[in-house]
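Step one of this worksheet: look at the structure below.
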Amino acid sequence: PEAADLRALARHLYEAYLKYFPLTKAKARAILSGKTGDSAPFVIHDMKSLMEGEQFINCRQMPIQEHQQQTSALTAAHGVELRFFHSCQSRSAEAVREVTEFAKSIPGFVDLDLNDQVTLLKYGVIEVLIIMMAPLMNKDGTLISYGQIFMTREFLKSLRKPFCQMMEPKFEFSVKFNTLELDDSDMALFLAVIILSGDRPGLLNVKPIEQLQETVLHSLELQLKLNHPDSLQLFAKLLQKMTDLRQIVTDHVHLIQLLKKTEVDMCLHPLLQEIMKDLY
Amino acid sequence: LKEKHKILHQLLQNSTSPVDL
Chain S
772 PEAADLRALA RHLYEAYLKY FPLTKAKARA ILSGKTGDSA PFVIHDMKSL
822 MEGEQFINCR QMPIQEHQQQ TSALTAAHGV ELRFFHSCQS RSAEAVREVT
872 EFAKSIPGFV DLDLNDQVTL LKYGVIEVLI IMMAPLMNKD GTLISYGQIF
922 MTREFLKSLR KPFCQMMEPK FEFSVKFNTL ELDDSDMALF LAVIILSGDR
972 PGLLNVKPIE QLQETVLHSL ELQLKLNHPD SLQLFAKLLQ KMTDLRQIVT
1022 DHVHLIQLLK KTEVDMCLHP LLQEIMKDLY
Chain Z
1365 LKEKHKILHQ LLQNSTSPVD L
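Protein chains in written order, with the numbering used here: chain S, 772 to 1051; chain Z, 1365 to 1385.
Given below as structure tokens:
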């Protein structure tokens, strides 16, 4: 494709990214570095501050559905970890909707076989969500609840097992990923590349997916050359991250499956259940 | 596959308006 077409594709995906993802990397980094003036995030660093912060966590959830009624029915006796885990699930389900809308904006995606669109999302969406966590994280903690809260890494590590094991691998990945210093326009293309993976199990028609991915890859390569002229091999380094990402998702899904077995009161959000069933 | 992934399918088929999750 012509360079001009590749640039137009990059612009289009960046616009879709800004449209569907409410907390950009630019905004997250401004919050993390204290450059947002008066709106510093509420910090959760222990159980007391978690209780105080729960009103923030719950204030932007989707309309009350059966799942959330179950969530709010959980009493303190069931454990703060489970209650927090349910809040995370609600936000994740909403994030899946955002990623779906972003996927639909990738030129050619909605023309793919509908079964293949489902497969691409099923396998791609957790990878995308983990990549999107990276800008929200630094070595000390992570923004949650649309940037209204900063939760410390030490607090997450202090939760009971296996909850304490859930976020640490994402921190390790994110701290390394953030050294690549991608911006939101680079991220938009990288997310599209992840979604358009032609090697997902059960795809019916791989060729058109690979063709779409190839175009986005060309656009990403050009974007990185223009946007990061001094960063050698950035394109190759970024593609290598996709391998690490698959392992993180596999481990994450296994942890959720373990939780389902060991936590009596655990109910998995129906959308997340759909995605994780028979995934890995 | 569509049958086993009704919500995903619904998200894909619907417009950009929020879907009941």
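All residues carry an ideal CB built from backbone N, CA and C; glycine is no exception.
Would a check of beta-carbon distances place S:Leu789 closer than 7 Å to chain Z?
For S:Leu789, no Cβ of chain Z is located within less than 7 Å of the residue's own Cβ.
Identify each residue in the segment 882–899 of chain S for which the Cβ-Cβ distance to at least one residue of chain Z is less than 7 Å, and report them in chain order.
Listed by position, the residues of the segment 882–899 of chain S near chain Z (Cβ gap below 7 Å) are Leu885, Asn886, Gln888, Val889, Thr890, Leu892, Lys893.
Does any residue of chain Z have a CB that is nearer than 7 Å to the CB of S:Glu1045?
Under the Cβ criterion of 7 Å, S:Glu1045 is counted among the residues facing chain Z.
Do S:Lys941 and S:Met904 count as a contact pair if the criterion is CB distance below 7 Å?
Result yes, Cβ atoms of S:Met904 and S:Lys941 sit closer than 7 Å.
Leaving out the 5 sequence neighbours to the left and right, which residues in its chain are closer than 7 Å to S:Lys796 when beta-carbon positions are compared?
Only Pro906, Asp954, Asp955, Met958 meet the Cβ criterion.
By the three-class DSSP mapping on this structure, what secondary structure does S:Thr1033 have?
In the structure shown, S:Thr1033 sits in a helix (DSSP, three-state: H, G or I).
Give the DSSP-derived three-state secondary structure of S:Gly918 in the structure shown.
Of the three classes helix, strand and coil, the one that applies to S:Gly918 here is helix, per DSSP.
Would S:Arg971 and S:Tyr894 be called neighbours here (beta carbons separated by less than 7 Å)?
For S:Arg971 and S:Tyr894, yes; Cβs fall inside 7 Å.
Which whole-angstrom value is the C-beta distance of S:Leu983 and S:Leu777, which I expect to be below 8 Å?
Taking C-beta atoms under 8 Å as the contact rule, S:Leu983 and S:Leu777 fail to qualify, at a distance of about 13 Å.
Can you give the Cα-Cα distance for Z:Leu1375 and S:Phe961, rounded to whole angstroms?
In a straight line, the C-alpha of Z:Leu1375 is about 22 Å away from that of S:Phe961.
Below 7 Å on C-beta distance, what does S:Pro1041 contact in chain Z?
The contacting residues are Ile1371.
Check whether the segment 1037–1047 of chain S touches the segment 1011–1029 of chain S, counting contact only when three or more Cβ pairs, one atom from each stretch, lie closer than 8 Å.
Flag = yes, the segment 1037–1047 of chain S and the segment 1011–1029 of chain S touch.
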